[in-house]
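Count along the sequence shown from 1, then add 226; that gives the number in the numbering used here.
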Amino acid sequence: MILGAAVIALTMSAVELHFYPYELKLNHAFNLASMSRTVTPGVQVELRMDSIIGYGEASMPPYLGESVESVMSFLEKVDPQRLADPFQFERIHQYLDSLAPGNRAAKAAIDIALHDLTSRIMGKPWYQIYGLDPELAPCTSYTITNDTPEVLAQKMAEAEPYKIWKVKMGVPGDRELIETIRRHTDRPLCVDVNQGWKTREEALENILWLAERNVLFVEQPMDKTDLESHKWLKERSPLPIIADEAVQTSADVPALADAYDGINIKLMKSGGLHDAYKMAILARALGMKVMIGCMTETSCGVTAAAQLAPLADWVDLDGNLLIANDPFRGLTIVNGQVRLPRQLLKN
Ligand code: MG
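Below is the structure:
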C-alpha cells in the first residue's frame with residue numbers, strides 16, 4: 227500500500243525525485259454533469275538538483291482515468307538519473323513515454339518540475355524564455371456552480387473580482403442559473419457543457435439562447451467522440467465552439483480544426499508544458515482559438531499553465547482559487563487579469 231507513505235524518495239547521484247499524495251480541499255462542492263465532490267486528489271513532486279528544487283504536480287479528475295495509485299506507481303518507475311540534464315525535455319519525454327503510454331498527469335508532474343527547475347537555474351520565468359509578453363495575459367474566468375440561493379449569492383459575491391464567469395451547463399437547472407446570474411450582472415459568461423448535450427439540435431437551441439445573453443463561447447457541448455455533430459454545430463453556431471474533453475495532446479489538434487473553433491489546453495491532458503506549448507502554436511497556425519485551462523490544482527500547476535497565458539485568447543486559470551489548502555504562491559489575479567510571478571514560492 228503506497229498511499230500511506232509520507233514521502234518516497236528515489237536518489238541517484240545529485241538528482242532526487244520526491245513525490246507524495248496531497249489532497250486538495252475545495253472551498254465549495256464542485257458539481258459537474260456526472261458527479262459532485264468536496265475534495266480532489268493530487269500528487270506533489272519535487273525534483274532536487276544540488277540545492278535547487280523544482281516543484282511539480284499531478285491533478286487527477288476522475289474522467290481522465292488516473293488516480294493517486296496510478297500516478298505514484300508511474301513515478302516509482304522513473305529513474306531520476308534520466309532527468310539529470312533537466313533541459314533535455316524532448317529526450318526526457320521520450321523516456322517517460324517509453325515507461326508506459328498515457329499517464330499524462332504523472333508525466334505532467336515531472337514536466338512541470340523540470341520547467342520549474344530549469345527556470346530557477348536560468349533565473350527567468352518560462353513566459354520570458356518563450357518570448358511572451360506577460361501584459362498580454364487575458365482575464366481569467368471564474369467558475370460558478372449552482373447551489374442553494376444563499377450559497378449561490380455567496381459564490382457570486384466571492385466572484386466579484388473576476389471579469390468573466392464560467393457556468394456549467396448540461397446539468398439540471400442550468401438555464402435558471404444563468405437567468406439568476408443575469409439578474410445580478412451583465413458581465414460576459416463562458417459556458418462549459420462537459421459533453422452534457424445529447425443531440426446537435428439540443429446544442430444549437432441552447433447556443434442560440436446563450437448568444438442573446440452575452441456568452442463568449444461554449445466548451446465541449448456534446449460527446450467528445452462525435453466529430454460530425456460538432457462540425458454540423460460549428461457551421462451553424464453564432465458562438466465559438468471549444469474542444470476540451472476531445473483534445474488531449476498536440477497530436478489531436480489537426481483533426482479538430484473543422485469541428486471546433488478552438489481548443490482548451492490543460493497540462494494534465496498534454497503531459498505538461500512541453501506539449502502544451504506545441505498545442506498552442508499548432509492551434510494558432512490552424513486558425514483556431516487558444517484557451518488555457520487547468521484542473522483543480524494548487525498554484526504550482528496553475529502557475530505553470532499560466533506561462534502560456536499570453537498566447538491565449540481566453541484563460542480559465544481559477545483552479546488554485548477553488549481550494550482552501552494551497553501550499554504555493556504563484557500567479558495572482560489583479561482586476562480579473564492573470565499576473566505572472568517571476569517565480570513560484572512554496573509557503
Ligand atoms: Mg471544460
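Glycine included, each C-beta is placed from N, C-alpha and C at the ideal position.
Beta-carbon proximity check, residue i vs residue j, cutoff 8 Å
i	j	result
Y368	A385	yes
L499	L493	yes
P398	G562	no
L252	T264	yes
C526	G282	yes
I549	M517	no
Q533	P351	yes
L415	L442	yes
W423	I407	no
S476	K504	yes
L543	A530	no
N546	V528	yes
R413	K394	no
L430	R462	yes
Enclosing alpha helix (DSSP H) for residue i [first to last residue]
i	result
T406	D400 to H410
V528	S525 to A532
P567	That residue, P567, is in no alpha helix (DSSP H); it is neither H nor E in DSSP.
Q421	Taken as a continuous stretch (DSSP letters only), Q421 belongs to no alpha helix (DSSP H), as it is neither H nor E.
N329	Unbroken run through N329: none, as it is neither H nor E.
I433	R426 to A437
V377	P375 to E384
K457	L453 to R462
R317	F315 to L325
Y246	No alpha helix (DSSP H) contains Y246, which is instead part of the beta strand (DSSP E) from V241 to P247.
K199	This structure leaves residue 199 out entirely; the chain is present only between 227 and 573.
A509	L499 to A511
K394	From DSSP, K394 is part of no alpha helix (DSSP H) but of the beta strand (DSSP E) over I390 to K394.
Y353	W352 to I355
S496	L493 to S496
Buried or exposed by the 16-neighbour rule on C-beta atoms within 10 Å, applied to residue i
i	result
M348	exposed
F313	exposed
T374	exposed
W435	exposed
V241	buried
S496	buried
G513	exposed
Y289	exposed
D418	buried
A235	Model confidence at A235 stands at a pLDDT of 47, short of 50, so the residue's coordinates are unreliable; what they give is reported in the following sentence. Burial call: exposed.
Q569	exposed
S277	exposed
V269	buried
P536	buried
P287	buried
T237	Note that T237 scores a pLDDT of 42, beneath 50, so its modelled location is shaky; the value from the coordinates is reported in the next line. The residue in question, T237, is exposed, as its Cβ has fewer than 16 Cβ neighbours within 10 Å.
L566	buried
L322	buried
S262	exposed
K303	exposed
P178	Nothing about residue 178 can be read from this structure; the chain reaches only from 227 to 573.
Q446	buried
E438	exposed
Extent of the continuous beta strand (DSSP E) run through residue i
i	result
A469	I467 to A469
K515	K515 to G519
F270	For the sequence presented, residue 270 should be read as Gln rather than Phe. From DSSP, the beta strand (DSSP E) with Q270 extends over G268 to M275.
L442	V441 to E445
D552	From DSSP, D552 is part of no beta strand (DSSP E); its letter is neither H nor E.
S367	S367 to I370
S285	I278 to S285
N561	Taken as a continuous stretch (DSSP letters only), N561 belongs to no beta strand (DSSP E), as it is neither H nor E.
D542	W540 to D542
Short CB-CB distance (under 8 Å) between residue i and chain B
i	result
G513	In summary, chain B is missing from the structure at hand, where a single protein chain is found.
Does the contact criterion of 3 or more C-beta pairs under 8 Å hold for the stretch 316-335 versus the stretch 296-308?
yes
Q | At least three beta-carbon pairs within less than 8 Å, the stretch 304-314 to the stretch 543-562 | A | In short, these stretches do not touch, since the Cβ pair count stays below three.
inquiry  = For the pair the stretch 479-490 and the stretch 455-468, tell me if three or more CB-CB distances fall below 8 Å.
reply    = yes
Next item on the list: Please list, following the chain, all residues that have a C-beta closer than 5 Å to any non-hydrogen atom of ligand 1.
Entry: In chain order, the qualifying residues are D418, E445 and D470.
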